[in-house]
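As structure tokens, the structure follows; a few thoughts come after it.
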Amino acid sequence: MTAFFQNLGMGFEGAWFLSTIIGILVIALPVMLAVAMLIYADRKIWAAMALRRGPNVVGPFGLLQSFADGLKVFLQETIVPSASNKALFLIAPIITFTVALIAWAVVPFQVGVVLADINVGLLYILAISSLGVYGIVLAGWASNSKYPFYSAIRASAQMISYEVSIGFILICVVLWANSFNLTTIVESQKGYYGFLNGNGFNPLLFPMAIMFLISSLAETGRAPFDLTEADSELVAGYQTEYSSMAFALYWLGEYANVILMCALNAILFWGGYLPPVDWAPLYYVPGILWLFAKILFFFFVFSWVKATVPRYRYDQLMRLGWKIFLPTSLFFVFLVSGFLMLTRYGGAQ
Amino acid sequence: MIHVLAFYLFAILVVSSGALTILSRNPVHSVLWLILAFFNAAGLMVLLGAEFIAMLLVIVYVGAVAVLFLFVVMMLDIDFAELRAGFVSYLPFGLLIALVLLAEIVLGIGLWSAGPIELAQRAAPTAPDVSNIKAIGTLLYTRYIFLFEAAGIVLLVAMIGAIVLTHRTRGGTKGQNIAKQNRRRPQDAVRNINQPMGQGVEL
Numbered sequence: 001m002t003a004f005f006q007n008l009g010m011g012f013e014g015a016w017f018l019s020t021i022i023g024i025l026v027i028a029l030p031v032m033l034a035v036a037m038l039i040y041a042d043r044k045i046w047a048a049m050a051l052r053r054g055p056n057v058v059g060p061f062g063l064l065q066s067f068a069d070g071l072k073v074f075l076q077e078t079i080v081p082s083a084s085n086k087a088l089f090l091i092a093p094i095i096t097f098t099v100a101l102i103a104w105a106v107v108p109f110q111v112g113v114v115l116a117d118i119n120v121g122l123l124y125i126l127a128i129s130s131l132g133v134y135g136i137v138l139a140g141w142a143s144n145s146k147y148p149f150y151s152a153i154r155a156s157a158q159m160i161s162y163e164v165s166i167g168f169i170l171i172c173v174v175l176w177a178n179s180f181n182l183t184t185i186v187e188s189q190k191g192y193y194g195f196l197n198g199n200g201f202n203p204l205l206f207p208m209a210i211m212f213l214i215s216s217l218a219e220t221g222r223a224p225f226d227l228t229e230a231d232s233e234l235v236a237g238y239q240t241e242y243s244s245m246a247f248a249l250y251w252l253g254e255y256a257n258v259i260l261m262c263a264l265n266a267i268l269f270w271g272g273y274l275p276p277v278d279w280a281p282l283y284y285v286p287g288i289l290w291l292f293a294k295i296l297f298f299f300f301v302f303s304w305v306k307a308t309v310p311r312y313r314y315d316q317l318m319r320l321g322w323k324i325f326l327p328t329s330l331f332f333v334f335l336v337s338g339f340l341m342l343t344r345y346g347g348a349q
Numbered sequence: 001m002i003h004v005l006a007f008y009l010f011a012i013l014v015v016s017s018g019a020l021t022i023l024s025r026n027p028v029h030s031v032l033w034l035i036l037a038f039f040n041a042a043g044l045m046v047l048l049g050a051e052f053i054a055m056l057l058v059i060v061y062v063g064a065v066a067v068l069f070l071f072v073v074m075m076l077d078i079d080f081a082e083l084r085a086g087f088v089s090y091l092p093f094g095l096l097i098a099l100v101l102l103a104e105i106v107l108g109i110g111l112w113s114a115g116p117i118e119l120a121q122r123a124a125p126t127a128p129d130v131s132n133i134k135a136i137g138t139l140l141y142t143r144y145i146f147l148f149e150a151a152g153i154v155l156l157v158a159m160i161g162a163i164v165l166t167h168r169t170r171g172g173t174k175g176q177n178i179a180k181q182n183r184r185r186p187q188d189a190v191r192n193i194n195q196p197m198g199q200g201v202e203l
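Residue numbers (the working numbering), protein chains in the order written: chain A, 1 to 349; chain B, 1 to 203.
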């Protein structure tokens, strides 16, 4: 696209800047639209599992429900508690929302269709997800209110704990793919046993795929790990004091994070934009559709879990993170690197 | 052009947020300015082409160290007046330390641009097609492997030390035994009886 603008008579830097801005819009706007539709899908799936109808009034089949909710929230008054720290209170949701969007910069939708094809893509994602804590901690602290503060402390402890094991799980994938670049990681998953695409079909990485799925539930604060907004204990968690657009930013940011985690599950373990079976006719379907299908599948799994699994107790959550996932993922880093040392890198020297 | 603009943006933000870290009255704000400084320093690293260092800076400092700072500062009940009380009496000592650090930096830069280290850099720069993760990795795990492992051992000792110092068994606390909880069945916990009228329940 940079070349296109250069042909229109712009300098390289101006053209690069303009094409990057357009690229950002082309990714961010569909993500927002997807968030709106997935909130609807989430409620529909959840309702179907509880034998209810779910939203069905606004628009055909209730399809416009999320937009109606958005409009409602948009028209509300923004209330800033008088005892709060005003600047931080307003910055916190902006941080959450921004962080949820900027991680999409390195997600590959197709071979070469990625906003920033950097060679530290996975580290970038880790860095961005470690920033997510701040939006929540600041909200809890700046609200100057008990429940938000408790919730913020819970949330940050939870996110930090699970980031540790996510880090080790990612190391396993990186070792196998021999690269931090997400496109290279996807390409390296081609042709397991000659016909399957996806690290998940690798017996060494399959347990990591399951653990990554569970960790991503914990990282995004979804059920059964939604202790941050356990309404019976903490009212509405760290967003208790928020109203209007500030609340909407949390809402959108949370779902954008969920979609991102679904995309990461698909990209790291189930072949991203590759078709699941390495069979030539399947490659005629554009890769982006395969990626979307996988994202939607994982989103369905997320909603399914939310509808069926009861909430964990906090000590159980911490126990799972530190006493089970951390040692297991560390052991698998050892196992995968040992296996690669013995096979791919030619054994002991 | 964009590089220059980005450099000045990041540089100005690093310096000003560093200054605000010291100047702001509220310690939580101080930590947040510090985080902004880390973040912009990472931006400068990216401009230099050291993207691995930049990402590590964000992951380690912003994602872990600063979160701990923020926690401690938020939890502590800090008396702001008391915090500022010693300002004048500590000022000479602080200035002395600042001067020493400045002298060290000036000396270091002066020696670097003239000394043999820079010449060695000129003789064998990293090849442009090698990403800096690979460059750092090959150097760290081959030439400096023993230093690297020594650093690992130092960290391990520090970690064990911290655990030993803070871990103590307290009496009177109730712990959860998950295995015991999972072993418990309804028939151990619930008893159905046909209670006759007018008699107390025998527990």
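Idealized CB from N, CA, C, for every residue including glycine.
Here the structure is a predicted model, which means the values were calculated and not measured.
Beta carbon proximity, residue i to chain B, threshold 8 Å
i                      : result
residue 168 of chain A : no
residue 124 of chain A : yes
residue 319 of chain A : yes
residue 180 of chain A : yes
residue 47 of chain A  : no
residue 211 of chain A : no
residue 141 of chain A : yes
residue 113 of chain A : no
residue 349 of chain A : Note that residue 349 of chain A has pLDDT 49, beneath the 50 cutoff, so the model's placement of it is unreliable and the number below is only indicative. By this cut-off, residue 349 of chain A is not an interface position.
residue 233 of chain A : no
residue 340 of chain A : no
residue 324 of chain A : no
residue 127 of chain A : yes
Beta-bridge partners of residue i, as assigned by DSSP
i                      : result
residue 196 of chain A : A:192, A:277
residue 110 of chain A : A:113
Minimum C-alpha distance to residue i - residue among the options
i                      : options                    : result
residue 280 of chain A : A:184, A:144, A:71, A:197  : A:197
residue 295 of chain A : A:227, A:258, A:246, A:191 : A:258
residue 381 of chain A : A:189, A:17, A:87, A:214   : What is shown of chain A runs 1 to 349, which leaves residue 381 of chain A out entirely.
residue 237 of chain A : A:71, A:338, A:147, A:33   : A:147
residue 131 of chain A : A:45, A:219, A:224         : A:219
residue 47 of chain B  : B:20, B:10, B:72           : B:10
residue 292 of chain A : A:22, A:23, A:109, A:320   : A:109
residue 171 of chain A : A:15, A:332, A:342         : A:332
residue 17 of chain A  : A:184, A:116, A:323        : A:116
residue 133 of chain B : A:181, A:244, A:158, A:106 : A:181
residue 334 of chain A : A:138, A:118, A:175, A:201 : A:175
residue 137 of chain A : A:89, A:232, A:25, A:284   : A:89
residue 163 of chain A : A:127, A:255, A:36         : A:127
residue 425 of chain A : A:345, A:27, A:77, A:300   : Outside the displayed span of chain A (1 to 349) sits residue 425 of chain A, for which this structure offers no information.
residue 306 of chain A : A:80, A:42, A:33           : A:42
residue 234 of chain A : A:145, A:165, A:284, A:70  : A:145
residue 340 of chain A : A:324, A:178, A:150, A:256 : A:178
Interface flag, residue i vs chain A, CB-CB below 8 Å
i                      : result
residue 149 of chain B : no
residue 70 of chain B  : yes
residue 104 of chain B : no
residue 7 of chain B   : no
residue 52 of chain B  : yes
residue 131 of chain B : yes
residue 45 of chain B  : no
residue 58 of chain B  : yes
residue 62 of chain B  : yes
residue 28 of chain B  : yes
residue 74 of chain B  : yes
residue 178 of chain B : yes
residue 2 of chain B   : yes
Exposure of residue i, with buried meaning 16 or more beta-carbon neighbours within 10 Å
i                      : result
residue 58 of chain B  : buried
residue 202 of chain B : exposed
residue 100 of chain A : buried
residue 33 of chain B  : buried
residue 103 of chain B : exposed
residue 241 of chain A : buried
residue 349 of chain A : Note that residue 349 of chain A scores 49 on pLDDT, short of 50, meaning its location in the model is unreliable and no value can be drawn from it.
residue 96 of chain A  : buried
residue 22 of chain A  : exposed
residue 130 of chain B : exposed
residue 77 of chain A  : exposed
7 Å Cβ cut-off: residues of chain C touching residue i
i                     : result
residue 31 of chain B : The displayed structure is made up of protein chains A and B, and chain C is not among them.
Proximity test, residue i beta-carbon vs the ligand NAP heavy atom, cut-off 7 Å
i                     : result
residue 80 of chain A : The ligand NAP is absent from the structure shown, which contains no ligands of any kind.
What residue ranges within the segment 268-349 of chain A form continuous alpha helix (DSSP H) runs of no fewer than 4 residues, ordered along the chain?
List check, alpha helix (DSSP H) in window: 287-308, 314-319, 326-342.
Any chance you could list the alpha helix (DSSP H) runs of at least 4 consecutive residues sitting entirely within the segment 99-186 of chain A, in chain order?
121-142, 146-177
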